[in-house]
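Notes to accompany the following structure.
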Amino acid sequence: MAARWLHTHPFGKQFNCNALGMAMISSSPQLMAQLNTFYWHHSYLNGCVNAEILCQWLSEHQQDAEQFIVDNGMEIARKKSFVCQFMEQELSYPSTSLCTGPSTSYLIFEVPLIYSQDSTKKKSEIAEQFSDDLYYATGVMLSGDMFTHAEVAAYVRLHLGSDPANIEEILRRFKASGLNYHMKHKLGVAPGLAERLLTKLHNLVTS
99 MAARWLHTHP
109 FGKQFNCNAL
119 GMAMISSSPQ
129 LMAQLNTFYW
139 HHSYLNGCVN
149 AEILCQWLSE
159 HQQDAEQFIV
169 DNGMEIARKK
179 SFVCQFMEQE
189 LSYPSTSLCT
199 GPSTSYLIFE
209 VPLIYSQDST
219 KKKSEIAEQF
229 SDDLYYATGV
239 MLSGDMFTHA
249 EVAAYVRLHL
259 GSDPANIEEI
269 LRRFKASGLN
279 YHMKHKLGVA
289 PGLAERLLTK
299 LHNLVTS
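Each position in the sequence shown, counted from 1, maps to that position plus 98 in my numbering.
Listed below in structure tokens is the structure:
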């Protein structure tokens, strides 16, 4: 039987859909390794192919583009404030464990203490385990704090470019799952989620 290939494109920030993330949970590890190798050596990850077209468009819409930058920056700032306040008040996160930065659309936050206290794992492994557990508990997929997976601290990151309603739903799921900086036990799989995921993956493979 021929290997099943998946076409992926990293258009998550534009359409709130992490295509690479979906590929990772619906394809073989060997296939994803080949895909990553291909991307690094034969493709532009950040849309450089379309840069010239985008520059031409911006030159014809400079005023609109400048206004968008201002409006978008203010919206991101409001989201940062809202998310940090929620995580501090509802999830017991100390402010020192949250980082938004002055220019990024990401929030990075430390994994709960119950995860970071595991001395048998590297920081990147701890972040990956927490990210996996959080996904199966909430359906929200996060990533490590950096692409390089540097062994600095066990942090994960959340993109804040989505609609405010989506951000609120993410935070609601976080709280409903029992996520808390001082939680006593690691996260468990949400009731029925594992079965639904397996059913969808089975249908995807057999269709």
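For every residue, glycine included, the Cβ atom is placed at its ideal position computed from N, Cα and C.
Beta-carbon proximity check, residue i vs residue j, cutoff 8 Å
i: Met185; j: Phe207; result: yes
i: Leu211; j: His280; result: yes
i: Ala310; j: Gly286; result: Only positions 99 to 305 of the chain appear in this structure, which leaves residue 310 out of reach.
i: Leu240; j: Ser229; result: yes
Whole-Å CB distance - residue i paired with residue j, under 8 Å assumed
i: Leu205; j: Val181; result: 6 Å
i: Tyr233; j: Lys284; result: About 13 Å; that fails the 8 Å criterion.
Neighbourhood of residue i by C-beta distance below 7 Å, restricted to the same chain and skipping five residues each side
i: Lys273; result: Glu188, Leu189
i: Ile174; result: Ser203, Leu258
i: Asp231; result: Lys284, Leu285
i: Arg271; result: Thr236, Gly237, Val238
i: Gln128; result: none
Close Cβ partners of residue i (< 6 Å) along its chain, the five nearest in sequence each way excluded
i: Ile268; result: Val238
i: Leu156; result: Ala163
i: Thr297; result: none
i: Leu133; result: none
i: Asn301; result: none
i: Glu158; result: none
Spatial neighbours of residue i in its chain, beta-carbon cut-off 8 Å, leaving aside the 5 residues before and after
i: Tyr253; result: Cys197, Ile206, Phe207, Glu208, Val209, Ala225, Gly242, Asp243
i: Gly171; result: none
i: Val168; result: none
i: Lys177; result: Leu258, Pro262, Ile265
i: Lys219; result: Gln227
i: Ser278; result: Before going further, note that residue 278 is Asn rather than Ser in the sequence given. Once the five neighbours on either side are set aside, the close Cβ partners of Asn278 are Leu189, Ser190, Pro210.
i: Gln215; result: none
i: Ser275; result: Leu232, Ala235, Thr236, Leu285, Ala288
i: Gln154; result: none
Near the ligand ATP: residue i beta-carbon under 7 Å from a heavy atom
i: His159; result: Because no ligand of any kind appears in the structure shown, any question about the ligand ATP cannot be addressed here.
Touching or not, the segment 190 to 209 and the segment 262 to 269, by the rule of three or more beta carbon pairs under 8 Å?
By the criterion of at least three beta-carbon pairs nearer than 8 Å, the segment 190 to 209 is not in contact with the segment 262 to 269.
Only counting runs of 4 or more residues, tell me where the alpha helix (DSSP H) segments fall wholly within the segment 143 to 203, in order along the chain.
Here the runs fully enclosed are 149 to 158, 160 to 188.
Whole beta strand (DSSP E) runs in the segment 215 to 271 with 3 or more residues, listed along the chain?
Those beta strand (DSSP E) runs which fall completely within the segment 215 to 271 and span 3+ residues are 253 to 257.
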